[in-house]
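Trainee: Protein sequence lines correspond, in order, to chains A and B. Numbered according to our numbering, the first sequence spans residues 1 to 497. Numbered according to our numbering, the second sequence spans residues 1001 to 1497. Mind having a look at this structure? Questions to follow.
Protein chains: 2
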Amino acid sequence: MPSNAVNPDLQREREKASFNTQEFTYWWLGGKEKYEAKKKLEKLFLDDPELKDELPISYMSPKELYEHSVRKAVIIAKKLRELRADGEDDVDTYTALFGGALGSALIKEGNPMMLHFVMFVPTILGQGTVEQQIEWLTKAWNCNILGTYAQTELGHGTFLRGLETRAEYDATTQEFVLNTPTISAYKWWPGGMGHTANHAIVVAQLYTKGVFRGLAPFIVQLRDLETHMPMLGIDVGDIGPKIGMKSVNNGYLGLKNVRVPLNNMLMKNQQVLPDGTYVAPKNSVLTYGTMMFVRVALIRDLSQTLAKASTIAMRYSAVRRQSPIDPNKPEPQIIEHTTQQLKVFPQIAKAIIFKITGEHIWNMFNNVSGELEQGNMDRLPEMHALSCCLKAITSADSAAAVEVCRLSCGGHGYMDCSNFPTIYGMTTAVCTYEGENTVMLLQTARYLVKVYAQALSGEPLVPTVQYISDYIKNREFGAFDCTLEQIVHAFQFVAAK
Amino acid sequence: MPSNAVNPDLQREREKASFNTQEFTYWWLGGKEKYEAKKKLEKLFLDDPELKDELPISYMSPKELYEHSVRKAVIIAKKLRELRADGEDDVDTYTALFGGALGSALIKEGNPMMLHFVMFVPTILGQGTVEQQIEWLTKAWNCNILGTYAQTELGHGTFLRGLETRAEYDATTQEFVLNTPTISAYKWWPGGMGHTANHAIVVAQLYTKGVFRGLAPFIVQLRDLETHMPMLGIDVGDIGPKIGMKSVNNGYLGLKNVRVPLNNMLMKNQQVLPDGTYVAPKNSVLTYGTMMFVRVALIRDLSQTLAKASTIAMRYSAVRRQSPIDPNKPEPQIIEHTTQQLKVFPQIAKAIIFKITGEHIWNMFNNVSGELEQGNMDRLPEMHALSCCLKAITSADSAAAVEVCRLSCGGHGYMDCSNFPTIYGMTTAVCTYEGENTVMLLQTARYLVKVYAQALSGEPLVPTVQYISDYIKNREFGAFDCTLEQIVHAFQFVAAK
């Protein structure tokens, strides 16, 4: 069989499909137009010989892998700049290039410049004033500066109030003085901080006039733009090897009396005036926006990742033959074994369910964001609870599903060349970052307890939790007739009960 | 705090222990004598400066890691030879040096010479005649030859009848001719085969006088003893990077008309006479012995691995402080959080349960082996079913438990320096090798269906499944009084039902 021929077992399975696969593809991607845009983008990047790996990256040391990945990241950034100059980039371009599909195909273990595009630029957009956006965004889009986002510390992650990095305003010089006073205050994990970025948005506890004001974001220069050496007072480096995301270049950051100008604090939501007067945000919940956005984006991306894992397992199950079912017949494709079907099929189903869920919450997020812009906060708690809950559920279930897929490929799934080890490393990380799953579930529980009390006192509930009111009004389930509506009703009934 | 000081939170937890930890240690290890032998062995190996890592292995490329590991493996083998010369080695020595405790401490990602000691030598002992043992074992114990065990192929693993490697006897030269006729017949996975071993026990389908006789083991020389280059007809190399066991040096092997003398077939259980006459084994189940031994050894070792993982998680939970429970008090050790207790405590309990289970089945295996030597096969099916079942359950549960422990350490568990990535790689592999877990559970199910039928027809059952007879005789559970006996009875009742 020539190396580019399709395995005949696989070809036969494809021909047997009982549905129109092209139609399914359009649905998955959101229409024919999106499909064609995707193909065009993939051609632009995947056909570039400079972006191909000559040696599988598994054979590299961490240092070699970083150098290899940052070289490719620079090529990708150049192409992105060209697309942007031609007005051919949109949100789908960035979602694709830094997500689990095209992004992972280009740099398997994660792009060391990812946080520049998915956190540094969006945070300036979301939290900078118009003047600050003009000042920083041009440089950032052109990659004249390369940024990352430094919030989590060695000592504190999801529990934000525990962060120890301090920014004290010095009105005499109109500067903030930033410090990480203890070892546990060191920033820990920012992608690209290890060796790549020369700037960071540093989240710190703000003090002005000696009074504590809460968390605020500051743009801090980490490295000299010419020599790439750390600036005075900056202690920066790589945190070391990890299960996955091996080329994301996660770093640490210590700050010792690092001074930044007043204008380096992002001031869209809260302000410090030159004399040190603090102007609090009109609504502190506005800072939820970025967190919700990232969680919603993660939920969408997980369906893509799980689709990839279950496709690998399904293809393997079609081409691998093992253990006769009927001793008089040749060994069947392993997908003929019931035990194999029970492993692989539910993971395919989950990928599709998470896809529908992801699109639903993506649309809801866009609606709620629009309402927020107009000062309407009504659906914010619902949106927050739903994004917490689904981030936890989809990440935990996807990580478990990837392992089921991997184990369904026997020993071959254990090898790096199956791609499962990389996919698992990427997926299980989502259980921890952007809000640790246990905390996310506790937030969901807190919301549910609150709305349950509202329902008991007869208050109307938002659509997502309407089923609780329904249950309280009518505690009898009635007859079950196995229709789809009844199955949904049964889940709601059990959940409310 | 000096780097060798114990964290005060950890010290306080240790002092609060409500039981005698020394007594527990003796129990875990099987008595004070075993404890002292363990300490002595650890001192001999862990204090050797040549066996320490100057650079964490996570920073190495696969090639560097292999060279580093094989250098250490040679030092370990030399020390083992000295112990053996002084009569100071026993089964515990090898269990320790190639297991999840001392073995993993010395070569974290697996000893490339492990299969020489745990498969090559034991197979010659178990399946070689006395003459063959004399011929091969002296060389093997002295490491004048280095072996591995080649059974699994690219195309077939757990389903042994599907193996394709052929050994045809040529009576004219009194040699076997070995071939891997297809790409899927290539041996795949043998540890140390990549670049380390110069011999292998190759399991092949035996043909004499043109008649198929079943599987048989052959000693095959892979590489020249002086140049280490592959012998004529041998195609051998490394299969590539994997999730874990990264320095085990798993390899592939193709054979093209490789000739070995008649006496290279291990002939304790079955024989080929010079004219090609085949003498079948007296009892084909005797070949189960090695498989059962390995599974029992794995079950014992998994308790050790899980104890290690849960110890790391427990220590982290004692020293990490996060998120106040009472807002007026400082952040507590995270083990004070109920959610953290629910993650870590059950894994500690499982490690202890698997320890008791492992010792139980180890003793049972030794008894049954003694009975087998005397021709008594009565308990073989029970022993086989129990070792299959427990291999599957303990490996799947341990792998899941390691991940619970890892995730309970938040982002820090994701880093290689937590040691969780290595432990998970080692543990999840056990789900697949030495009998894929799904197949193991199907074997268990087959046994249970068989004994259930026996119980229904009134035949007496062996102790392990006696509870099925009890249930059939008395299908009423009766009152439940929550004693330990009643809890065991309840599990048995539910299982039988």
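Note that CB positions come from ideal geometry on N, CA and C, so glycine has one too. Quantities reported herein were computed from a predicted structural model and do not represent experimental measurements.
Of the residues B:Val1118, B:Met1377, B:Ala1392 and B:Ala1490, which one's Cα is nearest the Cα of Gly1478 (chain B)?
Mentor: Ranking B:Val1118, B:Met1377, B:Ala1392 and B:Ala1490 by Cα distance to Gly1478 (chain B) puts B:Ala1490 first.
Trainee: Residues of chain B with a CB under 7 Å from the CB of Phe498 (chain A): which are they?
Mentor: In the structure displayed, chain A extends from 1 to 497; residue 498 (chain A) sits before or after that span and is not available.
Trainee: Got a sec: which bits of the region 1143–1172 of chain B sit with their beta carbon under 9 Å from any beta carbon on chain D, in order along the chain?
Mentor: Among the protein chains of the structure shown, namely A and B, there is no chain D.
Trainee: Does DSSP classify Leu1163 (chain B) as helix, strand or coil?
Mentor: coil
Trainee: Give the interface partners of Lys1242 (chain B) over in chain A, defined as CB-CB distance under 8 Å, in chain order.
Mentor: Neighbours of Lys1242 (chain B) on chain A, chain order: Tyr414, Met415, Asp416 and Pro421.
Trainee: Please classify Pro56 (chain A): is it buried, with 16 or more other beta-carbons within 10 angstroms of its beta-carbon, or exposed?
Mentor: exposed
Trainee: Return the chain-ordered list of same chain residues with a C-beta closer than 7 Å to the C-beta of Arg379 (chain A), the five sequence neighbours on each side being excluded.
Mentor: Val368, Glu371 and Val462
Trainee: Using C-beta distances below 7 Å, list every residue in its chain close to Gly1214 (chain B), excluding the 5 sequence neighbours before and after it, in chain order.
Mentor: Result list for Gly1214 (chain B): Leu1206, in chain order.
Trainee: Quick one: which chain B residues come within Cβ less than 9 Å of Gln322 (chain A)?
Mentor: Residues of chain B passing the Cβ test: Gly1155, His1156, Gly1157, Thr1158, Phe1159 and Gly1162.
Trainee: Which residues of chain A have a Cβ atom closer than 7 Å to the Cβ of Glu1109 (chain B), listed in chain order?
Mentor: Per Cβ cutoff of 7 Å: no residues; Glu1109 (chain B) is ~12 Å from chain A at best.
Trainee: Of the residues B:Leu1262, B:Lys1268 and B:Gly1289, which one's Cα is nearest the Cα of Gly1276 (chain B)?
Mentor: B:Leu1262
Trainee: Tell me the DSSP secondary structure of Ala1151 (chain B) in three-state form.
Mentor: Note that residue 1151 (chain B) is Gln in the sequence shown, not Ala. Looking at Gln1151 (chain B) - three-state DSSP - the assignment turns out to be coil, as it is neither helix nor strand.
Trainee: In its own chain, which residues sit with a C-beta less than 6 Å from the C-beta of Thr1428 (chain B), not counting the 5 before and 5 after it?
Mentor: Ala1399
Trainee: Mapping DSSP to helix, strand and coil, what is Arg1084 (chain B)?
Mentor: helix
Trainee: Within 10 angstroms of its Cβ, does Lys63 (chain A) collect 16 or more other Cβ (buried), or is it exposed?
Mentor: exposed
Trainee: How close, in whole Å, do the beta carbons of Met383 (chain A) and Met292 (chain A) come, if the pair is a contact with beta carbons under 8 Å?
Mentor: The Cβ separation is near 6 Å, so the contact holds.
Trainee: In chain order, what residues of the same chain have a beta carbon less than 8 Å from the beta carbon of Asn1437 (chain B), not counting five sequence neighbours either side?
Mentor: Lys1391, Ala1392, Ser1395, Ala1396 and Cys1431
Trainee: For Glu1067 (chain B) and chain A, any beta-carbon pair shorter than 8 Å?
Mentor: Among the residues facing chain A, Glu1067 (chain B) is not included, as its CB has no counterpart in that chain under 8 Å away.
Trainee: Check each candidate in B:Met1193, B:Glu1135, B:Lys1473 and B:Val1091 and name the one with the smallest Cα separation from Gln1151 (chain B).
Mentor: B:Met1193
Trainee: In whole angstroms, give me the CA-to-CA distance for Gln1132 (chain B) and Asn4 (chain A).
Mentor: 48 Å
Trainee: Met1245 (chain B) and Met1119 (chain B) - do their beta-carbons sit closer together than 8 Å?
Mentor: no
Trainee: Identify the continuous beta strand (DSSP E) that holds Arg406 (chain A) and give its terminal residues.
Mentor: Taken as a continuous stretch (DSSP letters only), Arg406 (chain A) belongs to no beta strand (DSSP E), being part of the alpha helix (DSSP H) at Leu380 to Leu407.
Trainee: Run through chain B and tell me which residues come within less than 7 Å of Ala429 (chain A), C-beta to C-beta.
Mentor: Tyr1414
Trainee: Which of the three DSSP states, helix, strand or coil, is assigned to Ile1423 (chain B)?
Mentor: helix
Trainee: So, for Asp238 (chain A): in the same chain, excluding its five sequence neighbours on each side, which residues have a beta-carbon less than 6 Å away from its beta-carbon?
Mentor: Gly194 and Gly251
Trainee: For a contact meaning CB atoms closer than 8 Å, what does Ser1058 (chain B) contact in chain A?
Mentor: Pro62, Gly240 and Pro241
Trainee: Less than 6 Å between C-beta atoms, sequence neighbours within five positions excluded: which residues of the same chain meet that for Gly1290 (chain B)?
Mentor: The question names Gly, but residue 1290 (chain B) in the sequence shown is Thr. Cβ within range, chain order: Gly1126.
Trainee: Return the Cβ separation of Glu168 (chain A) and Thr180 (chain A) in integer angstroms, given the expectation that the two are a contact with Cβ distance under 8 Å.
Mentor: The Cβ separation is near 13 Å, so there is no contact.
Trainee: Is it a yes or a no for the region 416–423 of chain A touching the region 321–333 of chain A, going by three-plus beta-carbon pairs under 8 Å?
Mentor: no
Trainee: At a Cβ cut of 9 Å, what residues of the region 77–90 of chain A count as close to chain B, listed as they run along the chain?
Mentor: Result list empty, no residue passes.
Trainee: Once you ignore the five residues that flank Trp189 (chain A) on each side, which residues in its own chain have a CB closer than 6 Å to its CB?
Mentor: Same-chain partners within the cutoff: Thr152 and Asn250.
Trainee: The beta strand (DSSP E) spanning Ile1201 (chain B) covers which residue range?
Mentor: His1199 to Thr1208
Trainee: For a contact defined as C-beta to C-beta under 7 Å, what are the partners of Gly1191 (chain B) on chain A?
Mentor: Per Cβ cutoff of 7 Å: no residues; Gly1191 (chain B) is ~12 Å from chain A at best.
Trainee: Within the continuous alpha helix (DSSP H) that includes Asn437 (chain A), where are the two ends?
Mentor: Asn437 to Leu456
Trainee: Counting only beta-carbon separations shorter than 8 Å, does Gly1410 (chain B) have a partner in chain A?
Mentor: yes
Trainee: Checking the sheet assignment: what are the DSSP bridge partners for Trp1188 (chain B)?
Mentor: Within the DSSP bridge table, the entry for Trp1188 (chain B) names B:Tyr1252 as partners.
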